[in-house]
Amino acid sequence: MHLSLTTALSPPHTCRKTTPQIVTSNSYARLFIPTPCRKRFALKPAQRRTDARAAFEEKPTYKGVYGEWRIEEEDVKEVTAYRVGISAATLSLLVCSTAAFLPEDSETTKQVVQLLDFASFFGIVSLGLSLKLIHVYVAPLKRLLQLLWAFGATGTVAIMATQEEPAAQYVFQHPMSVLAVGPVFAAVSGLAFKEGLCYGKPEAAGLFFVVPALLLGHLFGIVPEEGEKALLAVFCVLAAVFAGRKYTQPIKDDIGDKSIFEFQALPEEEQLIKLRELEIAASAQQSREGEQ
Numbered sequence: 040m041h042l043s044l045t046t047a048l049s050p051p052h053t054c055r056k057t058t059p060q061i062v063t064s065n066s067y068a069r070l071f072i073p074t075p076c077r078k079r080f081a082l083k084p085a086q087r088r089t090d091a092r093a094a095f096e097e098k099p100t101y102k103g104v105y106g107e108w109r110i111e112e113e114d115v116k117e118v119t120a121y122r123v124g125i126s127a128a129t130l131s132l133l134v135c136s137t138a139a140f141l142p143e144d145s146e147t148t149k150q151v152v153q154l155l156d157f158a159s160f161f162g163i164v165s166l167g168l169s170l171k172l173i174h175v176y177v178a179p180l181k182r183l184l185q186l187l188w189a190f191g192a193t194g195t196v197a198i199m200a201t202q203e204e205p206a207a208q209y210v211f212q213h214p215m216s217v218l219a220v221g222p223v224f225a226a227v228s229g230l231a232f233k234e235g236l237c238y239g240k241p242e243a244a245g246l247f248f249v250v251p252a253l254l255l256g257h258l259f260g261i262v263p264e265e266g267e268k269a270l271l272a273v274f275c276v277l278a279a280v281f282a283g284r285k286y287t288q289p290i291k292d293d294i295g296d297k298s299i300f301e302f303q304a305l306p307e308e309e310q311l312i313k314l315r316e317l318e319i320a321a322s323a324q325q326s327r328e329g330e331q
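Shown next, in the form of C-alpha cells:
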C-alpha cells in the first residue's frame, strides 16, 4: 500500500507542543491551541458565565430604602482605608501626647519632641482621608466636617511654618492658638458623634464630650495643668479603643444603606424616575397583600 509523502511525514494527531498564538475574532482575543488540548482544558463560555453568576449570587443582598444592594470589592477597600485612616490618626495622637507625660529633660522626651511636627502632619492627613471616605447620609454634614478639618489643618501648618517649636508644644504654651488648630478637633468630635449615634459606641460618645472639654478648658484656662493631662489621657484611651473596635464591625455597618448613596448620586431626573418606580412597586405589593 502506497502512502503519499504528505501523509507519511504528518505527525500523529495529539496534543503536541506548540507555540500559542493570539488571534482576534468577534471582538475578543482567543488563544489558538490544537483541538484536543482545547477540548481538554478550555473553559467553555457558558461555563464561564455560570461561574461568574454563581460568584455574584454568593454575595449577600441587603434591602435598602431605594432598592437592594450588595457589598462590592470597592466598598471593602473604601471601608478599610477609612478605618486605617482613623488608626493612623490615633497613633499620631498617642505619639504627640507622650511628650506631656515624660520628664522634660529626659533623652526620650527630646527624641519625641523631634517627631512632633511629623506626627501631627501625618495624623491630620490620615484624618482627612477618613473624612473623605466616611459615609454620611446628610451630604452637607459631611462637607462641614471636611471644612472644619481644612481650617484646622491650615492653622496647624501655619504654626509649623512660622514657629520654631513644634506645633503641639506651641499650642500647649499659647492657649489662644487653640483657635487655629481647634477646627481639626471639632471634626474629630463630629466623627465621634456620627459613630456614637449610628452604632451606640460608648467610647465614641465619650470622645464627643472629652475632646471639647480638653480644648475649651485649655483655651479659657479653666482646667489646671494636671486636669488637662487627665483629660488628655482619657482622650488617648478612648481614641485607642475606638480605633481598635472599628475592625470588629461588619463591613456593611460602615457602608450604611448603599442604596441611599446610589440614589443621591443620580441626576434629578433619574431620581424622579426611581421614585416613581418605587411607588409603582409598593402599590403592586399592597395589591398582592390585599388579595391574600
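So the sequence shown is numbered by our numbering: it starts at 40 and just counts up by one. C-beta: ideal position from N, C-alpha, C; glycine also. Keep in mind that this is a model prediction, so the values were computed, not measured.
Using the rule of at least 16 other Cβ atoms within 10 Å of the residue's Cβ for burial, across every protein chain shown, is residue i buried or exposed?
i, result
"L187", "buried"
"Y105", "buried"
"E242", "buried"
"D144", "exposed"
"S322", "exposed"
"F274", "buried"
"E328", "exposed"
"T129", "buried"
"Y121", "buried"
"S216", "buried"
Report the partner residues of residue i according to the DSSP bridge assignment.
i, result
"Y101", "W108"
With respect to 7 Å, is the separation between the Cβ of residue i and the closest non-hydrogen atom of the ligand FMN below this value?
i, result
"V210", "Ligands in the displayed structure: none, and consequently the ligand FMN is not present."
For a test of the three-state rule: what should DSSP assign to residue i, helix, strand or coil?
i, result
"L176", "One detail in the question is off: residue 176 reads as Tyr in this sequence, not Leu. Coil, per DSSP."
"A304", "coil"
"I337", "For the chain, the structure presents residues 40 to 331; residue 337 sits outside this window and is missing."
"D114", "helix"
"G239", "coil"
"S204", "Just to set this straight, residue 204 is Glu in the shown sequence, not Ser. In the structure shown, E204 sits in coil (DSSP, three-state: anything other than H, G, I, E or B)."
"G167", "helix"
"L141", "coil"
"D156", "helix"
"Q288", "coil"
"D296", "coil"
So residue i packs on residue j, CB below 8 Å; how close in whole Å?
i, j, result
"I294", "V118", "6 Å"
"L224", "G191", "According to the sequence as given, residue 224 is Phe; it is not Leu. That pair is a contact at about 7 Å."
"F247", "A231", "5 Å"
"P222", "L258", "That belief does not hold up - the Cβ atoms of P222 and L258 are roughly 13 Å apart, past 8 Å."
"S228", "V262", "Their Cβ separation, rounded to whole angstroms, is 17 Å, which puts S228 and V262 out of contact at 8 Å."
Give a yes or no on whether the minimum CB-CB distance between residue i and chain D is below 8 Å.
i, result
"V276", "Absent here is chain D; the protein component of the structure consists of one chain."
Given 8 Å, three or more beta-carbon pairs between the stretch 166–181 and the stretch 193–213
no
At least three beta-carbon pairs within less than 8 Å, the stretch 203–222 to the stretch 128–139:
yes
Would you say the stretch 272–284 touches the stretch 119–131, given that touching needs at least three Cβ pairs under 8 Å?
yes
Touching or not, the stretch 284–297 and the stretch 254–262, by the rule of three or more beta carbon pairs under 8 Å?
no
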